[in-house]
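Structure first, then comments.
In the numbering used here, the protein residues as written are 33 to 414.
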């Protein structure tokens with residue numbers, strides 16, 4: 033019985049993937065864990081929990097109920113196929129559905145099928161080559177569901193590479209081999225200036241703190257989905273990362289990305305869905321971050337990374353003022369702009385022009401290769 037339930041849940045995740053949802057093997061495992069926690073006999077709880085877990089975009093949130101019903105509710109279990117123009121298109125019967133009422137259940141696809149467990153060496157090499165190509169593929173060109181599925185593995189590898197990076201800093205250590213002149217001089221003040229007590233320091237590898245502020249407004253819709261997937265992968269690998277999404281208001285989503293608890297994820301996504309792909313007030317959102325979160329999260333070992341095209345509809349001057357305040361507090365402020373990679377681009381948008389003087393790094397953020405270069409350069413100076 034347990035194997036049957038597992039197979040059907042895996043099949044449901046595959047159905048979502050076939051309809052354009054960016055879900056894979058990891059999400060299938062999370063889905064089963066949610067089912068174990070909530071109980072497989074409670075459709076309403078499962079629906080709400082899985083919706084929060086598996087929907088990363090507003091359009092996925094709106095289409096989820098139809099896909100859930102078409103898969104799980106007998107006797108009309110059907111497979112809805114999304115058209116290129118968006119939304120639910122032609123409704124087709126599953127190949128495994130019986131003519132007498134559809135009791136055979138859905139076609140199942142396991143994680144091993146997706147991963148190609150029986151592929152030969154030639155296929156593996158082709159997959160590696162495809163992964164390298166995806167690292168340099170502009171996010172805005174990845175419109176097919178199969179491309180979204182393929183880049184998931186590339187994103188996870190990217191996150192694991194960053195997980196191994198640590199910054200180097202020096203701390204007070206009695207057994208250290210390097211003299212700490214500053215601390216020694218401070219101690220000598222009480223002794224009339226004579227350095228009677230020597231202080232030493234030693235190097236130590238520490239993890240940096242990363243704060244991500246991701247623009248999910250309409251003008252960023254071709255990129256924000258992938259930034260969210262990258263943030264989710266990083267949250268799974270890095271211990272000190274804090275993620276915020278913003279459009280007309282700021283939303284803290286770290287817990288929703290890192291914690292499988294479906295209710296917390298649902299709360300965050302419900303707040304987010306009210307403004308996803310709408311306008312953006314970057315200056316006001318940075319002001320909210322500075323006022324409510326910066327004092328707790330940002331210090332001399334923090335990199336704040338902002339992903340946005342710089343189109344701000346808020347009051348002129350606010351973004352520049354708030355960016356200056358943020359730059360004074362953080363070790364480095366980085367701005368990732370996917371438009372920067374376009375030929376002839378110039379940061380003339382008002383918001384971008386206001387932010388530019390306060391940045392430690394202004395980089396393109398249009399593909400994974402650009403993101404890795406920006407993250408690596410940032411970690412080197414922390």
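Virtual Cβ for every residue (Gly too), placed ideally from N, Cα, C.
Bear in mind the structure is a predicted one, so any value in this text is a computation, not a measurement.
May I have the straight-line CA-CA distance separating residue i from residue j, to the nearest angstrom?
i           : j           : result
residue 392 : residue 54  : 33 angstroms
residue 40  : residue 76  : 17 angstroms
residue 321 : residue 331 : 14 angstroms
residue 184 : residue 91  : 19 angstroms
residue 411 : residue 89  : 30 angstroms
residue 48  : residue 343 : 33 angstroms
residue 399 : residue 101 : 36 angstroms
residue 178 : residue 353 : 43 angstroms
residue 110 : residue 335 : In this prediction, residue 110 has a pLDDT of 39, which is less than 50 and means its spatial position is unreliable; what the coordinates show is noted afterwards. About 48 angstroms.
residue 339 : residue 394 : 10 angstroms
residue 281 : residue 346 : 11 angstroms
residue 51  : residue 180 : 11 angstroms
residue 189 : residue 368 : 20 angstroms
residue 165 : residue 86  : 26 angstroms
residue 254 : residue 357 : 30 angstroms
residue 251 : residue 36  : 44 angstroms
residue 380 : residue 271 : 36 angstroms
residue 323 : residue 382 : 23 angstroms
If you check the beta carbons only, do residue i and residue j fall under 8 angstroms apart?
i           : j           : result
residue 249 : residue 312 : yes
residue 81  : residue 66  : yes
residue 316 : residue 350 : yes
residue 416 : residue 414 : The shown model of the chain, from 33 to 414, leaves out residue 416, and the question about it has no answer.
residue 366 : residue 401 : no
residue 355 : residue 325 : no
residue 337 : residue 242 : yes
residue 396 : residue 370 : yes
residue 403 : residue 285 : no
residue 83  : residue 93  : yes
Taking the alpha carbon of residue i as the point to measure from, which residue in the options has its own alpha carbon closest?
i           : options               : result
residue 273 : 333, 252, 315 and 371 : 333
residue 327 : 247, 360, 349 and 343 : 360
residue 104 : 45, 52 and 61         : 45
residue 409 : 339, 194, 269 and 280 : 194
residue 269 : 283, 253 and 289      : 289
residue 186 : 173, 251 and 168      : 168
residue 259 : 251, 244 and 374      : 244
residue 171 : 271, 96, 37 and 256   : 256
residue 68  : 210, 38, 374 and 376  : 38
residue 277 : 265, 98 and 314       : 314
In the DSSP output, which residue or residues are listed as bridge partners for residue i?
i           : result
residue 369 : 396
residue 273 : 242
residue 250 : DSSP, once it has assigned bridges, lists no residue as partnering residue 250.
residue 283 : 277
Quick check on the DSSP output: what are the complete alpha helix (DSSP H) runs of length 4 or more inside the stretch 333 to 393, in order along the chain?
350 to 361 and 382 to 387
Starting from the N-terminal side, write out each stretch of the alpha helix (DSSP H) that is 4 residues or longer and does not extend beyond the stretch 34 to 85.
34 to 50 and 57 to 70, all fully within the stretch 34 to 85.
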